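Data block below; observations after.
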Amino acid sequence: MTPESLELTVRPLNGPDELGLFRRLLYVLDHELADDLAAGRRRPEWLWVALRGDRVVARAGWWSQGGDVPLALDFFDVDDTLPEPERTETGVRLLEAATAAVVPAGVPRPEYGRFVPPDWREDPVARDIVEARIRVMERTGARMLVERLRLEWRAGTPVPADTGRLRFRPVAGREDLLALMTPVMEGTLDAHSQEDLASGLSARKAAEKHYDEELAEYTTPREWWRIAELPGGEPVGFVIPARNSYNPIIAYIGVLPAQRGRGHIDELLAEGTRVLAAQDGVERIRAATDLGNMPMAKSFERLGYVNFERAFNMVWDPA
1063 MTPESLELTV RPLNGPDELG LFRRLLYVLD HELADDLAAG RRRPEWLWVA
1113 LRGDRVVARA GWWSQGGDVP LALDFFDVDD TLPEPERTET GVRLLEAATA
1163 AVVPAGVPRP EYGRFVPPDW REDPVARDIV EARIRVMERT GARMLVERLR
1213 LEWRAGTPVP ADTGRLRFRP VAGREDLLAL MTPVMEGTLD AHSQEDLASG
1263 LSARKAAEKH YDEELAEYTT PREWWRIAEL PGGEPVGFVI PARNSYNPII
1313 AYIGVLPAQR GRGHIDELLA EGTRVLAAQD GVERIRAATD LGNMPMAKSF
1363 ERLGYVNFER AFNMVWDPA
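Note that the numbering used here has the sequence shown beginning at 1063, numbered continuously upward.
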């Protein structure tokens, strides 16, 4: 550690009026900060900076759905003009101090997520920035969970008409969907689902966790959710079109194991896209899939979704 790094002041923001201080370092989500603070998805005490004098040399910020406990660490930046190892040491010092203050004792550390350019490995500048953040996270005990494709359908992109091969109906309720989400866990290519199963959760418990912690939080109409069946009534899978706090999204698509490899994934995605595209004022629909989930990635590509960005998630294992 250099003598300069010992002079750091590490603290949270004193209030919303210091948001400009937090914004002295840059990230693609900066434009969401003010609305998030106003809506209660962020709090000043969850937004931390490391200062050398009046210069911001690192920052970290957490997000929630509006509750009292942060759910994700989605802002972490260091001044990339700092030399190594000072850049890494500065980031570690900020992150450890902020985490100790923000995350309640006994609560697992929220996972870290970052959006990165789709070609970040080929761009030397982008790669240096990304790897610097990964180094800090690894120094604090995190490990890489998954890299994901971020995808976008844009208004004007053709949406395939319903082929009639499948019959779509609304989801009747929580149990109706869980009865399909549970078998979909078999052979899943989704890293978060695989992590849940590896932790010891049963397929049913993993499905319940996904439903209760994510799907149940969407406030858009449940009538948008669709279950797909063959003409004879045999279930095929489901698609969950929704809107989060920022965009219309394809939140989840699942195909039952016995129905995989038959092209149904394209029809499920097309139905979800039709539902959202039919809403007033929709200019884009966002979605994401794991880099390793090639069947899903290919389906998005066939439907005209553009891979505009990537993301990665890092996690801390329980102590």
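Backbone N, C-alpha and C define an ideal beta-carbon position, used for all residues, glycine too.
In this text, all values refer to a predicted model and were calculated from it rather than measured experimentally.
How would you label Pro-1357, buried or exposed, when you count the other beta carbons within 10 angstroms and need 16 or more for buried?
-> exposed
Pick helix, strand or coil for Met-1199, following the three-state DSSP scheme.
-> helix
Arg-1114 versus Leu-1318, Thr-1225, Thr-1152, residue with shortest Cα-Cα distance = Thr-1152
With a 10 Å radius around its C-beta and 16 neighbouring C-beta atoms as the bar for buried, classify His-1326 as buried or exposed.
-> buried
If you check the beta carbons only, do Leu-1088 and Leu-1109 fall under 8 Å apart?
-> no
Alpha carbon of Val-1111 to alpha carbon of Asp-1328, nearest angstrom = 45 Å
Return helix, strand or coil for Pro-1297, following the three-state DSSP convention.
-> strand
Cβ neighbour criterion (16 or more within 10 Å) applied to Gly-1129 | exposed
Between the C-alpha atoms of Ala-1349 and Glu-1069, what's the straight-line distance to the nearest angstrom?
-> 43 Å
From this set, Ala-1381, Arg-1236, Val-1090, Glu-1158, which residue's C-alpha is nearest Val-1178's C-alpha?
-> Val-1090
N- and C-terminal bounds of the beta strand (DSSP E) containing Glu-1371 | 1368-1378
So, are the CB atoms of Trp-1125 and Val-1164 less than 8 Å apart?
-> no
For the alpha helix (DSSP H) holding Asp-1139, just list the boundary residues, first then last.
-> No alpha helix (DSSP H) holds Asp-1139; the beta strand (DSSP E) holding it covers 1134-1140.
Does DSSP put Pro-1106 in a helix, in a strand, or in coil?
-> helix
Do you know offhand how far Leu-1211's Cα is from Gly-1168's?
-> 32 Å
Using the C-alpha atoms, what's the distance from Asp-1142 back to Asp-1185?
-> 15 Å
Straight-line gap, Glu-1279 to Ile-1302 (C-alpha atoms, nearest Å) = 12 Å
Pro-1170: buried (16+ other C-beta within 10 angstroms of its C-beta) or exposed?
-> exposed
For Arg-1229, three-class secondary structure by DSSP | strand
When we look at the beta-carbon of Arg-1103 and count the other beta-carbons within 10 Å, is it buried (16 or more) or exposed?
-> buried
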